[in-house]
């Protein structure tokens, strides 16, 4: 790397990155997207390509130069396939290296595609289920025709099946009894695992950092910490 220059890039360990699954990773697992040769003195795209080549890296492509005049034009850019293949681009970054914000930095902004937002939202919910998600997942795994057929078989074996509408009540009770007996422990374990991770483990330590720092502060002034340090 050149001294005094700032390189901005993204590292991809494997083709699946966040919620997007690309066809490949970039050369060296790093893809370059900006090079600042001084203070907000960014390299033009052709020079950035040369610098990336010198480093043995790939560089993000230039999708458009000039003004974007309409929402349709922006959507067309979002329809482009990623340079890494396998997916459309996550979004587009608009940069104006000639205009600066109040903080002195060049103006830049990113527009993320609605498609990516939706995929990201679904993926986040899978990895961070709420209470309703957990309950629905448990119900979906246990609510099966095979289990209902099993209840019918049990009632028939016990001579309790009439082959009529009056069977429905006993069947409901039999399904619940069977699930509680065979899957009760697994359900309890799953509920506890979710509750422990999301609520209980956090709740029992809520306020501990502040409490401990207050304790350290008090000991700092009563000389306890100093005495221990001198031993």
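Numbering (this note's numbering), first residue to last: 127 to 357. For each residue, glycine too, the CB sits at the ideal point set by N, CA and C. Please read these numbers as outputs of a predicted model, since none were measured by experiment.
Query	Result
Delimiting residues of the alpha helix (DSSP H) encompassing residue 330	First-last for residue 330: undefined, no H or E at that position.
For residue 192, the three-state DSSP class (helix, strand or coil)	coil
Per-residue DSSP class, three states only, for residue 198	helix
DSSP-derived helix/strand/coil call for residue 148	coil
Boundaries (first-last residue) of the alpha helix (DSSP H) holding residue 135	Looking at the DSSP string, residue 135 is not in any alpha helix (DSSP H); the run it does join, the beta strand (DSSP E), is 132-137.
Nearest neighbour of residue 318, chosen from 217, 264 and 240 [CA to CA]	264
Alpha carbon of residue 294 to alpha carbon of residue 218, nearest angstrom	57 Å
Burial state of residue 322 (16 or more Cβ within 10 Å)	exposed
For residue 199 and residue 239, the rounded distance between their alpha carbons	13 Å
Status (buried if at least 16 other CB within 10 Å, exposed otherwise) for residue 131	exposed
Runs of alpha helix (DSSP H) wholly within the stretch 283-321 (minimum 4 residues, chain order)	294-321
Simplified DSSP state of residue 171, which is helix, strand or coil	helix
Start-to-end residues for the alpha helix (DSSP H) that takes in residue 266	257-268
Delimiting residues of the alpha helix (DSSP H) encompassing residue 339	334-348
Inter-residue spacing [alpha-carbon to alpha-carbon] between residue 127 and residue 205	34 Å
DSSP state of residue 229 mapped onto helix, strand, coil	coil
Local conformation of residue 278 per DSSP, three classes	helix
Range covered by the beta strand (DSSP E) that runs through residue 414	Examination of residue 414 is not possible in this model, given that the chain is present from 127 through 357 alone.
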